[in-house]
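*Asks:*
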Amino acid sequence: MELGDCVSLTTLDLGNNQLNGSIPDKLVELSELRCLVLSHNYLSGSIPLKESSYFRQLTVPDLSFVQHLGVFDLSHNRLSGTIPYELGSCVIVVDLLLSNNMLSGSIPRSLSRTIPGSFGKLIGLVKLNLIGNVLFGSIPISFGNMKELTHLDLSYNVLSGEFPSIMSGVQSLVGLYVQNNRLSGQVGELFSNSMTWRIETMSLSHNCFDGNLSWSLGNLSYLTNLDLHQNQLTGEIPSDPGNLMQLKYFDVSDNHLSGKIPEKLCSLVNSNYLDLSQNRLEGPIPRTGICQNLSRVRFVGNINLCGQMLGTNCEQIKGTKGDVTVLKPTLLTAVPAIIDRIQDGVVKNVEVQGDKIRNRNSWSRWIQAASGSSGSFVTEVQ
1 MELGDCVSLT TLDLGNNQLN GSIPDKLVEL SELRCLVLSH NYLSGSIPLK
51 ESSYFRQLTV PDLSFVQHLG VFDLSHNRLS GTIPYELGSC VIVVDLLLSN
101 NMLSGSIPRS LSRTIPGSFG KLIGLVKLNL IGNVLFGSIP ISFGNMKELT
151 HLDLSYNVLS GEFPSIMSGV QSLVGLYVQN NRLSGQVGEL FSNSMTWRIE
201 TMSLSHNCFD GNLSWSLGNL SYLTNLDLHQ NQLTGEIPSD PGNLMQLKYF
251 DVSDNHLSGK IPEKLCSLVN SNYLDLSQNR LEGPIPRTGI CQNLSRVRFV
301 GNINLCGQML GTNCEQIKGT KGDVTVLKPT LLTAVPAIID RIQDGVVKNV
351 EVQGDKIRNR NSWSRWIQAA SGSSGSFVTE VQ
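Be aware that the sequence shown starts at 1, since it is given in full-length UniProt numbering, and climbs by one per residue.
1. Using only alpha-carbon positions, find the residue among V269, Y222, L268, R280 that is nearest to V300.
2. For V126, name the three-state secondary structure that DSSP assigns.
3. Measure from the alpha carbon of S216 to the alpha carbon of each residue in S295, S194, F209, then state which is nearest.
4. Just the C-alpha distance for residue 414 and G311, rounded to the nearest angstrom, thanks.
5. According to DSSP, is V187 part of a helix, a strand, or is it coil?
6. Apart from the five residues just before and just after G132, which ones in its own chain have a Cβ nearer than 8 Å to its Cβ?
7. Just the Cα atoms here: how many angstroms apart are S46 and G21?
8. What are the boundary residues of the alpha helix (DSSP H) that C266 is part of?
9. Using the C-alpha atoms, what's the distance from N180 back to F143?
10. Grab the span of the beta strand (DSSP E) containing D153 for me, first residue to last.
11. When you compare only the Cα positions, how much space is there between G137 and P24?
12. Give me, in chain order, the residues of the same chain whose beta-carbon lies closer than 6 Å to that of L14; leave out the 5 immediate sequence neighbours on both sides.
13. Does the Cβ of R182 have 16 or more other Cβ atoms within 10 Å, making it buried, or fewer, making it exposed?
14. On a Cα-Cα basis, can you pick out the residue from I141, L173, V170 that is closest to E162?
15. V211 lies in the beta strand (DSSP E); which residues open and close that run?
16. With N20 as the anchor, note down where its beta strand (DSSP E) starts and where it stops.
17. Let's test the definition: count the other Cβ atoms within 10 Å of the Cβ of T379 and tell me whether it reaches 16, buried, or not, exposed.
18. Return the chain-ordered list of same chain residues with a C-beta closer than 8 Å to the C-beta of T150, the five sequence neighbours on each side being excluded.
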């Protein structure tokens, strides 16, 4: 018997095997199929969705009784070509996982378009994972229609343009992962548009975001993990973190930030990791909270910082133009290099809640463990 003969098949899970070749075209004839898992194999070719009839029905079912209903998982294969436009007709898909393939082209607008007639909208989509492909173009404005979306992972692609402001209407969003793209725009506007979210994790690193860290950042009261390293941020770090009392992971390294390190930032009680390295920060390092824990902070590359932690003394010199913070001339030139070596060695083995930040590129492994993400939503690239 062939798969195409199983006309009543509703669930097909062949994940984590050693299957190769292409996905059979006959799969599109299985009109009752509601769950398809072919992940972690060696499948190649394109996604056969042309004129498909599965993953379609007139009403969205109650998913509380069927754990895997609505899963479309082809991740971790060798699939190529574009993402089929027809995916927008798969109205009961809840988890769409296409990560770690070789897909190319732009993201089809049909993924979030209004479905004609009685099909309604794609209101059931909860997780969208397109990590690690070669997708280009902008993030479709129509993504704002996915009102039930909780996790959006578009990282490690070639996406450009600004993040759609209409996404502010997706109030269920908890995890946003768009690192390693070419996205741009004012980061302050992104934070302002995110104020309606219950966002816990924002990974925006390795993009082209610019502007200042605005006061609106402090309104994201659920935020626990924020990674903005290697962008084009300027200005000072806000002196008051506002409602960021849950913040555990904060990385703004490799930007153009200036001014002093806010004492309140160092005093956040839940903070486990703070990276301010490779900026233009100056003045004394606050002697409070996490900023006194060498194993959990990074200051490397800010040549105008001083303080006991760096082995240097800061002297306040009062003049007619106000207070100026300078380094004493007794500074040993070897100290910065020693601190750099210590931080590079220690931070790579930081223990955080039983897990480890092994290096700068594996931060998402710690994020996933700390936030309790399910195994089906992969945010780590090996």
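Beta carbons are placed, not taken as given, at the ideal position from N, Cα and C, and that holds for glycine.
*Replies:* Taking the definition as stated:
1. As a first step, residue 300 must be located in the sequence shown, where it is residue number 300. The shortest Cα separation from V300 among V269, Y222, L268, R280 belongs to R280.
2. Walking along the sequence shown from the start, residue 126 turns up at place 126. Here V126 sits in coil by DSSP.
3. Residue mapping note: residue 216 aligns to position 216 of the sequence shown, counting from 1. The shortest Cα separation from S216 among S295, S194, F209 belongs to S194.
4. The structure shown does not extend to residue 414, since the chain is modelled only from 1 through 382, so no value can be given for it.
5. What you label residue 187 is simply residue 187 of the sequence shown in a count that begins at 1. V187: helix per DSSP, three-state reduction.
6. In the sequence shown, counting from the first residue as 1, residue 132 sits at position 132. Once the five neighbours on either side are set aside, the close Cβ partners of G132 are S99, N100, N101, S155, Y156, N157, V381.
7. By 1-based counting over the sequence shown, the position of residue 46 is 46. By 1-based counting over the sequence shown, the position of residue 21 is 21. Computed Cα separation, rounded: 11 Å.
8. Walking along the sequence shown from the start, residue 266 turns up at place 266. Here the alpha helix (DSSP H) through C266 covers 263 to 266.
9. On the sequence shown, residue 143 is found 143 positions in, with the first residue counted as 1. On the sequence shown, residue 180 is found 180 positions in, with the first residue counted as 1. Taking the straight line from one Cα to the other gives about 20 Å.
10. Indexing the sequence shown from 1 puts residue 153 at position 153. That run of the beta strand (DSSP E) goes 151 to 153.
11. Within the sequence shown, the letter at position 137 stands for residue 137. Within the sequence shown, the letter at position 24 stands for residue 24. Distance between the alpha carbons of G137 and P24 is about 30 Å.
12. Within the sequence shown, residue 14 is the residue found at index 14, counting from 1. L38, listed in sequence order.
13. Residue numbering aside, residue 182 sits at position 182 when the sequence shown is read from its first letter. When all chains shown are included, R182 counts as exposed.
14. Taking the sequence shown and counting its residues from 1, the one referred to as residue 162 is at position 162. It is I141 whose Cα lies nearest to the Cα of E162.
15. Translated into positions along the sequence shown, residue 211 becomes position 211. It is Gly, not Val, that sits at residue 211 in the sequence shown. Unbroken beta strand (DSSP E) run through G211: 208 to 211.
16. If you number the sequence shown from 1, residue 20 lands on position 20. Segment 20 to 22, the beta strand (DSSP E) holding N20.
17. On the sequence shown, position 379 is the one that residue 379 refers to. Note that T379 has pLDDT 28, beneath the 50 cutoff, so the model's placement of it is unreliable and the number below is only indicative. Buried is the call here.
18. As a first step, residue 150 must be located in the sequence shown, where it is residue number 150. Correct list, in chain order: V126, K127, S172, L173, V174, G175.
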